[in-house]
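See below for the structure under consideration.
2 protein chains.
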Amino acid sequence: MIFFVIGLGRFGSTLARSLHEKGVEVIAIDKDSARIEEIEDFVSKAYVMDATNEKALSSVGVKDADGIVVCITSDIEASIMTCMILKDKGVRKIMAKAGSELHAKILRKVGVDRVIFPEQEMAHRLAESIYSPHIFEVIDLSPEYSILERITPKFMEGKVIRDTKLRTKYGVYIIAIKRKFPIVKEDGKTSVEEKIFIAPSADEEILKGDVLVLLGKKENIDKFRDQ
Amino acid sequence: MIFFVIGLGRFGSTLARSLHEKGVEVIAIDKDSARIEEIEDFVSKAYVMDATNEKALSSVGVKDADGIVVCITSDIEASIMTCMILKDKGVRKIMAKAGSELHAKILRKVGVDRVIFPEQEMAHRLAESIYSPHIFEVIDLSPEYSILERITPKFMEGKVIRDTKLRTKYGVYIIAIKRKFPIVKEDGKTSVEEKIFIAPSADEEILKGDVLVLLGKKENIDKFRDQ
Ligand SMILES: Nc1ncnc2c1ncn2[C@@H]1O[C@H](COP(=O)(O)OP(=O)(O)OP(=O)(O)O)[C@@H](O)[C@H]1O
Ligand SMILES: Nc1ncnc2c1ncn2[C@@H]1O[C@H](COP(=O)(O)OP(=O)(O)OP(=O)(O)O)[C@@H](O)[C@H]1O
Numbered sequence: 256m257i258f259f260v261i262g263l264g265r266f267g268s269t270l271a272r273s274l275h276e277k278g279v280e281v282i283a284i285d286k287d288s289a290r291i292e293e294i295e296d297f298v299s300k301a302y303v304m305d306a307t308n309e310k311a312l313s314s315v316g317v318k319d320a321d322g323i324v325v326c327i328t329s330d331i332e333a334s335i336m337t338c339m340i341l342k343d344k345g346v347r348k349i350m351a352k353a354g355s356e357l358h359a360k361i362l363r364k365v366g367v368d369r370v371i372f373p374e375q376e377m378a379h380r381l382a383e384s385i386y387s388p389h390i391f392e393v394i395d396l397s398p399e400y401s402i403l404e405r406i407t408p409k410f411m412e413g414k415v416i417r418d419t420k421l422r423t424k425y426g427v428y429i430i431a432i433k434r435k436f437p438i439v440k441e442d443g444k445t446s447v448e449e450k451i452f453i454a455p456s457a458d459e460e461i462l463k464g465d466v467l468v469l470l471g472k473k474e475n476i477d478k479f480r481d482q
Numbered sequence: 256m257i258f259f260v261i262g263l264g265r266f267g268s269t270l271a272r273s274l275h276e277k278g279v280e281v282i283a284i285d286k287d288s289a290r291i292e293e294i295e296d297f298v299s300k301a302y303v304m305d306a307t308n309e310k311a312l313s314s315v316g317v318k319d320a321d322g323i324v325v326c327i328t329s330d331i332e333a334s335i336m337t338c339m340i341l342k343d344k345g346v347r348k349i350m351a352k353a354g355s356e357l358h359a360k361i362l363r364k365v366g367v368d369r370v371i372f373p374e375q376e377m378a379h380r381l382a383e384s385i386y387s388p389h390i391f392e393v394i395d396l397s398p399e400y401s402i403l404e405r406i407t408p409k410f411m412e413g414k415v416i417r418d419t420k421l422r423t424k425y426g427v428y429i430i431a432i433k434r435k436f437p438i439v440k441e442d443g444k445t446s447v448e449e450k451i452f453i454a455p456s457a458d459e460e461i462l463k464g465d466v467l468v469l470l471g472k473k474e475n476i477d478k479f480r481d482q
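And the structure:
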């Protein structure tokens with residue numbers, strides 16, 4: 256697999272290194288020679304060049320790439336022109352980082368396959384975890400279903416799964432329970448270990464402090480999350 | 256809940272708006288009046304101020320906050336000084352965005368409760384999804400267990416769950432199956448819908464193109480992911 260990463264800011268340089276560590280052949284491009292010097296030991300090839308220079312891009316073989324990620328946001332013109340040139344050359348897969356909604360809209364019009372908003376996506380995740388500290392994670396499994404990880408609500412503490420009537424009353428399934436155990440080590444110090452019970456039976460008791468992993472339709476999960 | 260967001264770049268401004276939409280009382284601070292004008296209709300209060308000015312921070316009541324997020328990375332000195340002042344004032348929870356590993360190290364030394372690396376975290380996720388396109392998501396449930404979403408491997412196509420020996424041979428459980436159905440609409444056009452089968456029985460048949468949602472110990476999930 257050959258991937259080009261164009262633009263080596265925090266996002267681009269982390270992406271280039273991470274792909275290289277997984278064994279992907281990475282070719283890094285940036286107009287700033289200092290950035291190229293920093294990365295050349297961590298990728299297959301690194302070139303100093305202005306990515307809006309069509310001839311320069313052709314000379315390093317962008318046509319043969321399995322994919323290219325353009326990570327430039329402070330110079331929107333450079334980002335868009337680079338994507339347009341790559342699209343014209345028939346590059347199979349083009350992804351690009353966007354700095355704003357408007358930037359993203361233009362990238363999509365130009366034919367970019369996937370637009371990424373790192374700061375905005377992470378900001379939404381943080382807002383979610385600040386607002387609902389008892390919710391550890393909500394994962395979209397499909398347009399209709401999601402997985403929720405949350406601390407056991409008060410009304411379920413001390414009950415066995417069958418008696419909580421989760422399936423019939425709330426339409427959610429418990430797929431796992433996470434429980435913390437205090438463990439005394441040889442040196443006399445206590446530490447905490449976490450054990451997980453997968454696909455628990457209906458007779459399993461739920462304890463205060465357990466973290467439940469639940470699966471269900473989105474509207475049922477949303478109702479249950481704030482119980 | 257009262258939260259301050261200091262520094263309104265892409266990350267900070269998205270965070271402030273997102274928290275406000277959830278009903279959290281958000282107080283936004285930035286030294287740039289243009290940023291404050293942009294955000295003042297979307298938060299409870301917004302102040303133009305240099306966050307390293309201790310008296311100014313006290314005057315807006317940072318002590319009463321449930322938490323504060325400092326989102327400044329191009330001026331590392333401002334980020335660190337602001338966190339140090341907030342720590343001295345006894346603010347309950349301080350989170351901060353970091354622009355590099357070194358920046359993060361100093362923030363932790365100063366006593367920041369949580370350091371966030373939006374660009375780097377998203378870059379790793381993208382590298383993961385580029386390298387393993389058949390893997391849609393790997394979710395850490397606990398230090399020992401994770402959930403994997405992947406396309407059905409060749410050897411399982413056309414078999415019923417019991418005959419795949421997933422539990423005994425690989426130590427992984429199927430918690431759900433996602434399957435795409437072609438649907439013909441009234442206007443004669445076909446579209447694709449996705450159905451999900453939760454906690455499938457051992458007799459359920461697995462079809463080519465199904466997406467499996469699997470749960471198991473990390474080392475078992477890692478072995479199975481590249482089958
Ligand atoms: N025309 C161009 N050709 C090649 N590289 C370019 C071009 N324009 C900008 N770059 C490079 O792209 C990189 C990233 O730029 P930019 O500052 O826009 O990214 P960013 O999105 O702010 O970064 P971060 O990921 O750190 O948030 C810089 O290293 C810059 O030198
Ligand atoms: N001392 C300060 N007091 C208040 N605000 C400040 C101070 N220093 C910087 N800021 C503000 O912090 C904001 C974010 O700054 P910065 O550019 O460092 O963030 P960033 O991490 O690059 O942003 P992004 O989230 O867009 O990647 C800017 O709006 C800037 O005006």
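Just so you know, the sequences run in chain order A and B. With our numbering as the guide, the letters of the first sequence map in order to residues 256 to 482. With our numbering as the guide, the letters of the second sequence map in order to residues 256 to 482. Beta carbons are placed, not taken as given, at the ideal position from N, Cα and C, and that holds for glycine. Predicted model only: the values in this text are computed from it and were never measured.
### Whole runs of the beta strand (DSSP E) within the segment 410-463 of chain B, excluding any shorter than 3 residues
Here the runs fully enclosed are 427-439 and 445-453.
### Task
Look up residue 320 (chain B) in the DSSP assignment and say whether it is helix, strand or coil.
The count along the second sequence starts at 1 and reaches residue 320 (chain B) at position 65. When DSSP states are grouped into helix, strand and coil, residue 320 (chain B) belongs to the coil group.
### Message
Once DSSP output is grouped into helix, strand and coil, what is the label at residue 311 (chain B)?
### Response
Here residue 311 (chain B) corresponds to residue number 56 of the second sequence, with the count starting at 1. Helix at residue 311 (chain B).
### Task
With DSSP collapsed to three states, give me the class of residue 399 (chain B).
One-based indexing of the second sequence puts residue 399 (chain B) at position 144. If DSSP states are grouped into helix, strand and coil, residue 399 (chain B) belongs with coil.
### Task
Report the option in B:278, B:349 and B:374 whose CA atom is closest to the CA atom of residue 362 (chain B).
Reading the second sequence from its first residue, position 107 is the one you call residue 362 (chain B). Per the C-alpha coordinates, the member of B:278, B:349 and B:374 positioned closest to residue 362 (chain B) is B:349.
### Task
For residue 270 (chain A), return the contacting residues in chain B, with the cut-off set at a CB-CB distance below 7 Å.
Walking along the first sequence from the start, residue 270 (chain A) turns up at place 15. By Cβ distance, chain B contributes 378, 381 and 382.
### Task
Confirm the yes/no value for this check: CB of residue 352 (chain A), any heavy atom of ligand 1, distance under 7 Å.
As a first step, residue 352 (chain A) must be located in the first sequence, where it is residue number 97. Correct: residue 352 (chain A) has its Cβ closer than 7 Å to ligand 1.
### Message
Which same chain residues end up closer than 6 Å to residue 373 (chain B) when comparing Cβ atoms and leaving out the 5 residues on each side of it in sequence?
### Response
As a first step, residue 373 (chain B) is located in the second sequence; it is residue number 118 there, counting from the start. Around residue 373 (chain B): 266.
### Message
Shorter than 7 Å, the distance from the beta carbon of residue 322 (chain B) to the closest heavy atom of ligand 2, or not?
### Response
Mapped onto the second sequence, residue 322 (chain B) falls at position 67. No, the beta carbon of residue 322 (chain B) sits no closer than 7 Å to any heavy atom of ligand 2.
#### Entry: Cβ-Cβ distance between residue 317 (chain B) and residue 405 (chain B) below 8 Å
As a position in the second sequence, residue 317 (chain B) is number 62, starting the count at 1. As a position in the second sequence, residue 405 (chain B) is number 150, starting the count at 1. Not a contact, by the Cβ cut-off of 8 Å.
### Query
At a CB-CB cut-off below 9 Å, which residues of chain B make contact with residue 401 (chain A)?
In the first sequence, the residue the question calls residue 401 (chain A) occupies position 146. Neighbours of residue 401 (chain A) in chain B, taken as residues whose beta carbon is under 9 Å from its own, are absent, since the nearest beta carbon is some 10 Å off.
### Task
Determine the chain B residues that contact residue 425 (chain A) at a beta-carbon separation under 9 Å, and present them in chain order.
The residue you call residue 425 (chain A) lines up with position 170 of the first sequence. In chain order: nothing, as chain B lies at least about 13 Å away.
#### Entry: Cβ neighbour criterion (16 or more within 10 Å) applied to residue 324 (chain A)
Within the first sequence, numbered from 1, the residue matching residue 324 (chain A) stands at position 69. With 16 or more Cβ atoms within 10 Å of its Cβ, residue 324 (chain A) is classed as buried.
### Message
Bridge partners for residue 258 (chain B) per DSSP, in chain order?
### Response
Mapped onto the second sequence, residue 258 (chain B) falls at position 3. Answer is B:281 and B:322.
### Task
With distances taken Cα to Cα, identify the nearest neighbour of residue 428 (chain B) among A:453, A:418, A:448 and A:277.
Start at 1 with the first residue of the second sequence, and residue 428 (chain B) comes out as number 173. Residue A:453 is the option with its Cα nearest to residue 428 (chain B).
### Query
For residue 350 (chain A), does the three-state DSSP call read helix, strand or coil?
Residue mapping note: residue 350 (chain A) aligns to position 95 of the first sequence, counting from 1. Of the three classes helix, strand and coil, the one that applies to residue 350 (chain A) here is strand, per DSSP.
### Message
How far does the beta strand (DSSP E) with residue 371 (chain A) in it extend, from its first residue to its last?
### Response
Against the first sequence, residue 371 (chain A) aligns to sequence position 116. Per DSSP, residue 371 (chain A) is one residue of the beta strand (DSSP E) stretching across 369-371.
### Query
Which partner residues does residue 342 (chain A) have in the DSSP bridge list?
As a working note, residue 342 (chain A) is residue 87 in the first sequence. DSSP links residue 342 (chain A) through a beta bridge to no other residue.
### Query
Sorry if obvious, but does the Cβ on residue 284 (chain A) come closer than 7 Å to a heavy atom of ligand 4?
In the structure shown, ligand 4 is absent; the only ligands present are ligand 1 and ligand 2.
### Task
Please name the residues in the segment 273-306 of chain A whose beta-carbon is closer than 7 Å to at least one beta-carbon of chain B, in chain order.
From the segment 273-306 of chain A, only 273, 274, 277 and 279 have a Cβ closer than 7 Å to chain B.
### Message
Per the DSSP calculation, residue 471 (chain B) is bridged to which residue(s)?
### Response
Reading the second sequence from its first residue, position 216 is the one you call residue 471 (chain B). Paired residue(s): B:401 and B:427.
### Message
What does DSSP give as the partner residue(s) for residue 227 (chain A) in the beta ladder?
### Response
Since the first residue of chain A shown is 256 and the last is 482, residue 227 (chain A) is not available in this structure.
### Task
Taking residue 432 (chain B) as the query, report the chain A residues whose CB atoms sit under 9 Å from its CB, ordered along the chain.
Indexing the second sequence from 1 puts residue 432 (chain B) at position 177. Annotation: residue 432 (chain B) has no Cβ neighbours in chain A at a cutoff of 9 Å; minimum Cβ distance is about 10 Å.
### Message
For residue 357 (chain B), which residues in the same chain have their Cβ closer than 8 Å to its Cβ, ignoring the five residues on either side in sequence?
### Response
Your numbering for residue 357 (chain B) matches position 102 in the second sequence. Answer for residue 357 (chain B): no residue qualifies.
### Task
Please check if any C-beta of chain A sits within less than 8 Å of the C-beta of residue 259 (chain B).
Here residue 259 (chain B) corresponds to residue number 4 of the second sequence, with the count starting at 1. Answer no: the Cβ-Cβ gap between residue 259 (chain B) and chain A never drops below 8 Å.
### Query
Out of B:329, B:364, B:321 and B:471, which has the shortest C-alpha to C-alpha gap to residue 338 (chain B)?
Reading the second sequence from its first residue, position 83 is the one you call residue 338 (chain B). Residue nearest to residue 338 (chain B) within the set B:329, B:364, B:321 and B:471 is B:364 (criterion: CA-CA distance).
### Query
Given a threshold of 16 other Cβ atoms within 10 Å of its Cβ, counted over all protein chains shown, does residue 430 (chain B) qualify as buried or as exposed?
Sequence index remark: in the second sequence, residue 430 (chain B) carries index 175 (1-based). With 16 or more other Cβ atoms within 10 Å, it is buried.
### Query
Which chain B residues are close to residue 322 (chain A), counting only those with a beta carbon under 7 Å from its beta carbon?
Indexing the first sequence from 1 puts residue 322 (chain A) at position 67. Listed along chain B are 385, each with a C-beta nearer than 7 Å to that of residue 322 (chain A).
### Message
Can you pull the chain B neighbours of residue 470 (chain A), defined as C-beta to C-beta under 7 Å?
### Response
The sequence position of residue 470 (chain A) within the first sequence is 215, counting from 1. Neighbours of residue 470 (chain A) across chain B, judged by C-beta separation under 7 Å: 430, 431 and 453.
### Query
So does the segment 458-475 of chain A actually touch the segment 276-284 of chain B, counting three or more Cβ pairs closer than 8 Å?
Contact annotation: the segment 458-475 of chain A does not touch the segment 276-284 of chain B, with fewer than three C-beta pairs closer than 8 Å.
### Task
Return the CA-CA distance between residue 280 (chain A) and residue 354 (chain B), expressed in angstroms with no decimal places.
Residue numbering aside, residue 280 (chain A) sits at position 25 when the first sequence is read from its first letter. Residue numbering aside, residue 354 (chain B) sits at position 99 when the second sequence is read from its first letter. Rounded to the nearest whole angstrom, the C-alpha separation of residue 280 (chain A) and residue 354 (chain B) is 26 Å.
### Task
Whole angstroms is fine: what's the gap from residue 394 (chain B)'s alpha carbon to residue 310 (chain A)'s?
Stepping through the second sequence from its first residue, residue 394 (chain B) is reached at position 139. Stepping through the first sequence from its first residue, residue 310 (chain A) is reached at position 55. If you take the alpha carbons of residue 394 (chain B) and residue 310 (chain A), they lie about 43 Å apart.
#### Entry: Nearest neighbour of residue 449 (chain B), chosen from B:289, B:464 and B:477 [CA to CA]
Numbered from 1 along the second sequence, position 194 holds the residue referred to as residue 449 (chain B). Sorting B:289, B:464 and B:477 by C-alpha distance to the C-alpha of residue 449 (chain B) places B:464 at the top.
### Beta-carbon proximity of residue 301 (chain B) to residue 291 (chain B), cut-off 8 Å
Residue numbering aside, residue 301 (chain B) sits at position 46 when the second sequence is read from its first letter. Residue numbering aside, residue 291 (chain B) sits at position 36 when the second sequence is read from its first letter. Yes, Cβ-Cβ distance for residue 301 (chain B) and residue 291 (chain B) is below 8 Å.
### Message
Let me check understanding here. Comparing Cα to Cα, which of A:370, A:320, A:410 and A:329 lies closest to residue 347 (chain A)?
### Response
Within the first sequence, numbered from 1, the residue matching residue 347 (chain A) stands at position 92. The candidate whose alpha carbon is nearest that of residue 347 (chain A) is A:320.
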